[in-house]
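**Student:** Under UniProt numbering, the residue at position 627 of the sequence shown is numbered 627, and the numbers go up by one with no gaps.
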Amino acid sequence: VVYEQEGVFIHSSCRKNDDQDNLISGVLRVIEKENEVIVDWRPLDDTLDTSNILCAGKDSSSVVEWTQTPKEKCSRGADRPSSYEAEWDMVTTVSFKKKPHSNGDATTHANGESKWSFLFSLTDLKSIRQNKEGMGWSYLVFCLKDDVKLPALHFHHGDSKLLIKCLKKHVVLNESPQDKQILLVNSQNKSLSQSFENLFDEPSYGLFQKLKKDPYTVTMGRFSKVTNYIFDSFRLSDPSSQRRPPSEMTDFLNDAIPGLKINQQDFCVFQIDLGKQPEVSRREPVSAEEWAKNMDSEGRILNVDYIKRLIFKGGLCHTLRKEAWKFLLGYFPWNSTKEERANLQKRKTDEYFRMKLQWKSISEEQEKRNSRLRDYRSLIEKDVNRTDRTNKFYEGEDNPGLILLHDILMTYCMYDFDLGYVQGMSDLLSPVLYIMENEVDAFWCFVSYMDQMHQNFEEQMQGMKTQLIQLSTLLRLLDSGFCSYLESQDSGYLYFCFRWLLIRFKREFSFQDILRLWEVMWTELPCQNFHLLLCCAILESEKQQIMDKHYGFNEILKHINELSMKIDVEYILCKAEAISMQMMSCKELPQAVSEILGIESSSATPDSDTGEDESGAVLSCPMSSYQNISTPVIAANGTRDRTQQTSETQSLTPA
């Protein structure tokens with residue numbers, strides 16, 4: 001429900017011998033339902049069945065356990081495990097179930113008088129007539145496309161401006177040239193935006209068809225226009241569809257969000273031979289035994305660099321992720337003891353539930369006066385219901401995982417109200433919650449992840465612009481010929497990589513592969529912005545097909561989009577690491593590239609044993625420090641050799 005107003009009356013002169021209107025009080029709502037928006041007016045029903053109050057409690061892993069409680073009491077079950085979080089059980093999802101209306105479009109008063117109700121989809125709306133009564137209140141008359149006029153709705157308690165403002169988020173309304181009291185629905189400009197989920201949809205076809213057909217739903221202001229345009233651009237290549245000039249996409253993006261505008265002078269030009277890419281291999285995931293060996297009796301990590309190198313080269317075994325991710329994401333300090341971490345969790349639990357209490361204690365009346373919070377809630381509820389629903393942790397109706405996903409995202413709005421919720425953030429939280437299986441830990445890990453990703457979701461999108469320019473810079477150094485080809489096909493801005501960067505490849509790899517990819521990236525090895533080298537690795541892998549088949553603008557977008565779920569994560573990790581080694585071994589590495597990768601100037605020659613320059617300063621990325629951690633190996637061609645062992649592994653013990 002994105003709009004709700006009580007005290008909206010229908011004036012019905014039902015009695016033949018009575019000139020006075022019969023006033024029927026009702027509730028008017030605007031409801032977002034799947035892919036349509038509904039306007040619904042129903043007679044007021046004041047009954048509330050308090051026997052259906054639902055109280056949510058948490059077990060030891062914070063998965064919600066629904067219990068029905070008598071009347072208005074919410075009590076914790078006697079068999080629920082006691083824990084520190086149990087003290088906060090009342091700050092959980094409590095909802096009321098109203099008695100359902102009887103079937104049909106009309107219900108009846110006890111005295112037999114008729115009560116009317118109606119609903120319609122905004123796609124059927126033709127016009128709205130606005131007027132004011134002599135008594136001071138306003139009223140509206142909806143006219144549908146089949147010329148059906150609905151009963152006038154009289155706003156006795158407030159005017160209709162908020163409703164019109166709400167409707168304008170979903171349809172374009174223009175004043176009629178003939179009558180200023182009539183608002184016409186502009187069906188020709190229905191929109192630049194279907195909503196952010198189009199970015200994640202399976203490929204379909206027709207570059208601009210969706211922009212013509214779908215309702216106007218501006219859910220994220222100018223940001224939604226860009227994301228939706230790009231996502232729609234992935235839905236390409238119906239031979240029967242009318243194609244638009246590729247430059248139209250660039251022009252639209254540059255006009256829609258000035259922060260995303262990329263100028264040609266932002267790009268660097270290089271003529272440097274990087275030489276051959278080295279062969280790279282990967283090792284098995286870090287085991288629980290290896291992790292335990294690198295921890296002292298008080299729970300401190302003994303050698304942080306060493307354990308990070310192991311994770312970079314092989315990832316983590318699944319049983320370690322719940323603990324290790326808290327370190328990788330910065331929730332737990334690497335030098336903390338087990339006792340210090342327990343105290344930290346206790347403080348963070350208090351802090352989390354205080355923020356959660358802020359939004360859970362807001363009444364419906366308060367929320368009516370807080371449009372931003374209503375918008376955040378509406379987007380979250382919509383996204384939660386379609387996030388990773390094929391994963392067992394989130395599948396099915398009334399799934400506890402979905403409830404936790406919703407509550408964490410709502411609480412994040414209290415943590416960072418300026419940013420609030422932007423579509424796509426649920427994709428970043430989902431794997432974190434899946435691993436943590438705990439509401440509080442998942443929230444604080446998500447906060448740390450969002451600290452890294454914050455600029456991606458800001459309205460001006462400066463972070464996205466910077467990453468696209470940096471990616472172009474790296475790709476030009478790696479393969480200037482391929483960049484020239486992309487430019488010749490109006491694809492030089494690399495906007496087709498937008499989805500990769502926005503949500504860190506979440507929709508490009510399988511769920512399990514994303515767990516591996518993210519934990520490797522969180523090590524921040526072998527350099528800064530390793531995710532950009534992953535983009536380079538994918539593009540270089542597809543270069544031959546794109547160029548040999550002479551793909552144009554539309555075909556490139558379609559091809560890149562259809563790579564989703566077809567990329568070998570281990571192969572791409574090998575290739576990206578090889579590219580990093582290739583660039584960092586370059587004696588004449590351009591300054592712009594050095595800054596992107598966060599490495600020292602090539603003039604500083606590292607000591608082969610210590611990774612220090614002559615002044616004693618440790619260089620940012622001494623490649624030799626993790627290069628030989630490789631047993632068994634996964635070669636850059638994607639094949640695994642379980643027989644190959646390396647003698648170097650035996651010497652890699654914690655300092």
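The beta carbon of each residue, even a glycine, is placed where N, CA and C say it ideally should be.
1. Quick check: what's the CA-CA separation for F530 versus Q467?
2. Checking 8 Å against the spacing of the C-beta atoms, do S430 and L404 come in under that value?
3. With burial defined as no fewer than 16 other Cβ atoms inside 10 Å of the residue's Cβ, what is the status of W334: buried or exposed?
4. With which residues is S160 paired in a DSSP beta bridge?
5. Given a cut-off of 8 Å, decide if Y376 and T387 are closer than it, judged by their beta-carbon atoms.
6. Kindly list the residues whose CB is nearer than 6 Å to the CB of Q5, restricted to its own chain and excluding five residues on each side of it in sequence; keep chain order.
7. What is the DSSP secondary structure of E588, reduced to helix, strand or coil?
8. Give me, in chain order, the residues of the same chain whose beta-carbon lies closer than 6 Å to that of H156; leave out the 5 immediate sequence neighbours on both sides.
9. Mapping DSSP to helix, strand and coil, what is E4?
10. When you compare each of L477, Y495 and E570 to S510 by their alpha carbons, which one comes out closest?
11. Comparing alpha-carbon positions, which option in L44, R507 and L274 lies nearest residue 671?
12. Answer yes or no: do Q423 and D451 have a C-beta to C-beta separation smaller than 8 Å?
13. Below 6 Å CB to CB, which residues in the same chain sit around C483 once its five sequence neighbours on both sides are set aside?
14. For H154, which residues does DSSP report across the bridge?
15. Which residues in the same chain have their Cβ closer than 7 Å to the Cβ of L23, if we skip the five residues on either side of it in sequence?
16. Based on the DSSP secondary-structure assignment, which residues constitute the bridge partners of K338?
17. Count Cβ pairs between the stretch 578-596 and the stretch 287-300 that sit closer than 8 Å; are there 3 or more?
18. Run the CB neighbour count on A342, radius 10 Å, all protein chains shown included, and call it buried at 16 or more, exposed below.
19. Hey, quick one: how far does the beta strand (DSSP E) through D296 stretch, first residue to last?
20. DSSP on S484, reduced to helix/strand/coil?
21. Out of T319, C527, K322 and T337, point me to the one whose CA is closest to L302's CA.
22. Do C527 and I599 have their C-beta atoms closer together than 8 Å?
23. Between I503 and A537, is the Cβ-Cβ spacing less than 8 Å?
24. Does N186 pass the burial test, meaning 16 or more other C-beta atoms within 10 Å, or should it be called exposed?
25. Assign P81 to one of three DSSP states: helix, strand, or coil.
26. Determine the direct distance from the alpha carbon of S488 to that of N391, and round the result to whole angstroms.
27. Name the DSSP beta bridge partners of F120, please?
28. Under three-state DSSP, which class holds G396?
29. According to DSSP, simplified to helix, strand and coil, what is R372?
30. For the beta strand (DSSP E) that L419 lies in, which residues bound it at each end?
31. Leaving aside the five residues before and after M565 along the sequence, list all residues of the same chain whose C-beta is less than 8 Å from its C-beta, in chain order.
32. Would you kindly report the start and end of the unbroken beta strand (DSSP E) that includes L173?
33. Might you give, ordered along the chain, the residues of its own chain that have their beta carbon closer than 6 Å to the beta carbon of Q358, omitting 5 neighbours on each side?
34. My understanding is that V39 touches L140, with C-beta atoms under 8 Å, so please give their C-beta distance in whole angstroms.
35. Tell me which residues share the same chain as R321 and place their Cβ nearer than 6 Å to its Cβ, disregarding the 5 neighbours each side in the sequence.
36. What's the call for L119, buried or exposed, on a 16-neighbour Cβ count within 10 Å?
**Tutor:** In short:
1. 11 Å
2. no
3. exposed
4. BP columns for S160 are empty, so no partner.
5. no
6. L28
7. coil
8. G7, F9 and W137
9. strand
10. E570
11. Outside the shown range of the chain, which is 1 to 655, sits residue 671, and nothing can be said about it.
12. No. Outside cutoff.
13. L475 and R476
14. F9 and Y139
15. Short of 7 Å from the beta carbon of L23, and not among the five residues preceding or following it, lie these beta carbons of its own chain, in chain order: F9 and H11.
16. Answer by DSSP bridge pairing: none, since K338 is not bridged.
17. no
18. exposed
19. Premise fails: D296 is in no beta strand (DSSP E) and is neither H nor E.
20. Correct three-state label for S484: helix.
21. T337
22. yes
23. no
24. Counting every other CB atom within 10 Å of its CB across the protein chains shown gives N186 a total below 16, marking it as exposed.
25. The pLDDT assigned to P81 is 39, lower than 50, so where the model puts this residue is not dependable; a value taken from the coordinates is nonetheless given after this. P81 falls in the coil class under three-state DSSP.
26. 41 Å
27. V39
28. coil
29. It is helical.
30. Per DSSP, L419 belongs to no beta strand (DSSP E) and is neither H nor E.
31. E508, F509 and S510
32. Counted as a single uninterrupted DSSP element, the beta strand (DSSP E) harbouring L173 occupies residues L173 to E175.
33. M414
34. That pair is no contact at about 10 Å.
35. I435
36. Exposed, because fewer than 16 other Cβ atoms sit within 10 Å of the Cβ of L119.
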